[in-house]
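As structure tokens, the structure follows; a few thoughts come after it.
2 protein chains.
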Amino acid sequence: MKKVTINSVATYAGVSKKTVSRVLNNEPNVSPATREKVLKVFKELDYTPNPIARGLARNRSFIIGCLYDNPSKSYITRVQSGALEACHKHHYNLLIHPCELRGEELIANIEHLLTTSRLDGMVLTPPFSDSQELIDFLKKKKVHFARVASAIDDAESISVRSNDELGAYEITEHLIKLGHSNIAFIKGHPDHSATEQRFSGYQRALAEHNIAFNPKLVAEGNFSYHSGADSAKAILDLDPRPSAVFASNDYMAAAVLKLATQRQLKVPQDISIAGFDNAPIARHIWPGLTTIAQPVEEMTRQAVEQLILQIGDEQTPVYQATLEAKLITRESTAQHK
Amino acid sequence: MKKVTINSVATYAGVSKKTVSRVLNNEPNVSPATREKVLKVFKELDYTPNPIARGLARNRSFIIGCLYDNPSKSYITRVQSGALEACHKHHYNLLIHPCELRGEELIANIEHLLTTSRLDGMVLTPPFSDSQELIDFLKKKKVHFARVASAIDDAESISVRSNDELGAYEITEHLIKLGHSNIAFIKGHPDHSATEQRFSGYQRALAEHNIAFNPKLVAEGNFSYHSGADSAKAILDLDPRPSAVFASNDYMAAAVLKLATQRQLKVPQDISIAGFDNAPIARHIWPGLTTIAQPVEEMTRQAVEQLILQIGDEQTPVYQATLEAKLITRESTAQHK
DNA sequence: CAACATTATGACACCGGTGTCAGAAAGTGG
DNA sequence: CCACTTTCTGACACCGGTGTCATAATGTTG
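From first to last, the protein sequence lines stand for chains A and B. The UniProt record's numbering applies: residue 1 is where the first sequence begins, and numbers increase by one. The UniProt record's numbering applies: residue 1 is where the second sequence begins, and numbers increase by one.
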């Protein structure tokens, strides 16, 4: 397999390589006849431009970096799949970069990533999308980025989110309508803005249905299964025991379910359990978890697509969108006895 | 932030850019004094070589592609994490490429990936590592690749696997020693070599303990939770009902557990359940699943590391290794009543 | 048809590194 | 000290594209 370069195409087509380049990039000022001729040679020689050479000349890498620090494998793979879809559509590639939010090295780490990889842009997923420090840094460095599920209010940068507050409101309301009033809540990781939002939704639903908020019913989790297990213990030991638990994500909800089952409690007869995210585990366990489904792939897809548009044209208006989350009821929640 | 290129370093250090390049690549024939001087300038100017330019000159992309088609998110993230570790160590990047094994477009798809991304090498994870067609294609194209968990016997290509047959043997033996003899088995996806190996291990354990193999106890799954649910139904409807079920992976085992629980069966009192892989779900449910833990990260890490070595030096001997899998007992298996 | 505007094309430098090769500097032996 | 290796070093072309600009071809107008 001999290499087909822009030079061979040019020679073969009897034009200069600049003209070939013009055709390649759909630039104007090429006569239809010439364009036709060159395109034919592309086919005949089966030519594909070398992205590396292109990158060097245009100072582009055609690579988007995806930053994450998330315990949920399913969340990560959904983010990746949405990002990949957008990348492939625009002939970009995706570079994944799991790293830790905490630690002073974060900025140094990202700086190193930027200089060694020459990324054209970055997608920030929670909790990075909520890091004002990181956002300021990227702006200073003039690096293009898009925020996924970020609560930060910044009209200058791309943001795609879903309405966590509303989702939490709906699921809490669902429990209330089932007759529950003693509803425990497990918070997520404090670094994630979703944590505060889901908590707000829970509180607002209580308030709007005239149920007094009881801080003793709130446990501090961090989205991990393990933290859910700890919180579950605290909650199930309460006297009186809550008749329902709303955990800020499905892993923690699964932990509550596990402990409840170990303690011979029937779910949902003795206690209702609700989660958030609609992770695979929500339907892999019995009873299946009532939860909130967020369009994670779609959020990421839109974010990356807009990011690529912005990279291509700085004038692109800044895109900001909020997508809808949806309540999914399964067997883990039922009428309060 | 002005750009620091090899030219500025050369000028500043008072040497030619070729000499700078020599220092950069640790080439011989540079006097210690010169080397020292250049290294100092690297620090002073905070110079980082441009990987794109480097790639163009050396016809390298410094990117490894990771191919997968696997329903298990946790498997994928473990593969990615092992691959990333090796990549970062050698200043490579990882490009993820989920795609489907089936379909005639596979080869075309990969060919397109290769021409557009100029990958330096590919890691094949199951089921791609078991595709003779793909392997032949890559060899023909002279693309470097490494196989993870592949059963194909090919001394010419890098392979890192774990002993699936032995793992399945051990877990089956574990059940037999608990007094079970009526042990059902759920097979995995026919495209994965692990499927056949795990099945063999199961059969060998039965044979060595003088238990007749009964084909009626074998259900055809495909590693997905859904297929596990179907198989579970078939198995639990058997008369007599098996006293134990060994599913080829944890997702299918979880499906069996879910159905058993729905049917008011107590696990492990009424029926023991074992899985394979030690996926997170194995410990997120109650009872926790007895399973086999494979060093997926480590396998991938080694595979990618060897791949990169081979890319750097074609003379590197072909690495082949088999790592150990480990039995993990949890609450889902118990003495037969 | 002259005078000018517009479109099409190519020559050439350049992006930031690496490979080749020739020549300078340093080391060795008789 | 001279001839001969061996070790350094730099000039220069090259990787495969893109940007700039000058010039050729074509179109428009009075």
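In this text, a Cβ means the ideal position worked out from N, Cα and C, and glycines have one as well.
Would you mind sorting residue i into buried or exposed? The rule is 16 or more other CB atoms within 10 Å of its CB.
i, result
"A/Ser-74", "buried"
"A/Pro-127", "buried"
"B/Phe-213", "exposed"
"B/Glu-165", "buried"
"B/His-209", "exposed"
"B/Ser-248", "buried"
"A/Asn-7", "exposed"
"A/Ala-244", "buried"
"residue 340 of chain A", "In the structure displayed, chain A extends from 1 to 337; residue 340 of chain A sits before or after that span and is not available."
"B/Asn-50", "buried"
"B/Gln-310", "buried"
"B/Glu-314", "exposed"
"A/Gln-132", "exposed"
"A/Gln-197", "buried"
Tell me whether residue i sits in a helix, a strand or coil according to DSSP, three-state version.
i, result
"B/Lys-320", "Residue 320 of chain B is actually Gln in this sequence, not Lys. It is a strand residue."
"B/Cys-99", "coil"
"B/Thr-11", "helix"
"A/Ile-123", "As written in the sequence, residue 123 of chain A is Val, which differs from the Ile given in the question. Looking at A/Val-123 - three-state DSSP - the assignment turns out to be strand."
"B/Phe-62", "coil"
"B/Arg-22", "helix"
"B/Asp-250", "helix"
"A/Gln-315", "coil"
"A/Pro-28", "coil"
"B/Leu-238", "coil"
"A/Ala-57", "helix"
"B/Pro-51", "helix"
"A/Pro-280", "coil"
"B/Ala-260", "helix"
"A/Phe-137", "helix"
What span of residues does the alpha helix (DSSP H) with residue i cover, start to end?
i, result
"B/Asn-109", "105-117"
"A/Arg-147", "No alpha helix (DSSP H) contains A/Arg-147, which is instead part of the beta strand (DSSP E) from 144-148."
"A/Ser-81", "73-89"
"B/Val-41", "32-45"
"B/Thr-172", "164-177"
Ends of the beta strand (DSSP E) at residue i?
i, result
"B/Ser-200", "Where B/Ser-200 is concerned, there is no enclosing beta strand (DSSP E), although the alpha helix (DSSP H) it sits in stretches over 193-208."
"B/Ile-273", "272-274"
So, does the CB of residue i fall closer than 7 Å to a CB anywhere in chain A?
i, result
"B/His-144", "no"
"B/Thr-48", "yes"
"B/Gly-188", "no"
"B/Leu-67", "no"
"B/Leu-56", "yes"
"B/Ser-227", "no"
"B/Arg-118", "yes"
"B/Ser-272", "no"
"B/Leu-95", "yes"
"B/Ser-74", "yes"
"B/Lys-3", "no"
"B/Lys-258", "yes"
"B/Thr-322", "no"
"B/Thr-333", "no"
"B/Thr-290", "no"
"B/Thr-115", "yes"
May I ask you to list the residues that DSSP assigns as paired with residue i?
i, result
"B/Ile-6", "None, per the DSSP bridge assignment."
"B/Glu-220", "B/Lys-187"
"B/Ile-158", "B/Ala-146"
"A/Tyr-68", "A/Pro-98"
"B/Leu-327", "B/Ile-292"
"A/Val-245", "A/Ala-184 and A/Ile-273"
"A/Asn-93", "A/Ile-63"
Report yes or no: is there a C-beta of chain B within less than 7 Å of the C-beta of residue i?
i, result
"A/Ser-224", "no"
"A/Asn-7", "no"
"A/Arg-301", "no"
"A/Thr-261", "yes"
"A/His-284", "yes"
"A/Ala-53", "yes"
"residue 346 of chain A", "Coverage of chain A is limited to positions 1 through 337, which leaves residue 346 of chain A absent and any answer about it impossible."
"A/Thr-329", "no"
"A/Ala-293", "no"
"A/Ala-254", "yes"
Is the closest heavy atom of the ligand GTP to the C-beta of residue i under 6 Å?
i, result
"A/Arg-147", "Among the components of this structure there are no ligands whatsoever, and the ligand GTP is therefore not found."
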